[in-house]
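Asks: After the structure tokens below, expect a handful of questions from me.
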Amino acid sequence: MPKVVLVIGGVAVGLVALKILGPLVALLIVLGVIALPAVGYLMLDPSQRRRLRAQTRKRLGS
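Here is the structure:
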């Protein structure tokens, strides 16, 4: 349930940003929010990715 609320909130903020700031700025914001963490993850080497996944699983399990 909390994830659904976050998704709905994100869509609402995106639509407001699109209306207020214009399409180009809103697209840049969305790409920054999505692309930067993905690029950071892809820059990790395989051992760092394994440690990150293990840490994430440990947090989810507790």
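According to this note's numbering, the sequence shown holds residues 7 to 68 in order.
Here a beta-carbon is modelled for each residue, glycine too, at the ideal position from N, C-alpha and C.
Please read all numbers here as calculations on a predicted model, not as lab measurements.
Let's see if you can read the secondary structure: which residues bound the alpha helix (DSSP H) around L12?
Replies: As a first step, residue 12 is located in the sequence shown; it is residue number 6 there, counting from the start. Where L12 is concerned, the enclosing alpha helix (DSSP H) stretches over 8-27.
Asks: Nearest to A23 by CA position, among I14, I35, L12, is which residue?
Replies: The sequence position of residue 23 within the sequence shown is 17, counting from 1. The option with the nearest alpha carbon to A23 is I35.
Asks: Would you tell me roughly how many angstroms separate the C-alpha atoms of L50 and R59, rounded to the nearest one?
Replies: In the sequence shown, the residue the question calls residue 50 occupies position 44. In the sequence shown, the residue the question calls residue 59 occupies position 53. Between L50 and R59, the C-alpha separation is close to 12 Å.
Asks: Are A32 and G20 close, meaning C-beta to C-beta below 8 Å?
Replies: Working through the sequence shown from its first residue, we reach residue 32 at position 26. Working through the sequence shown from its first residue, we reach residue 20 at position 14. The criterion of a C-beta distance shorter than 8 Å is satisfied by A32 and G20.
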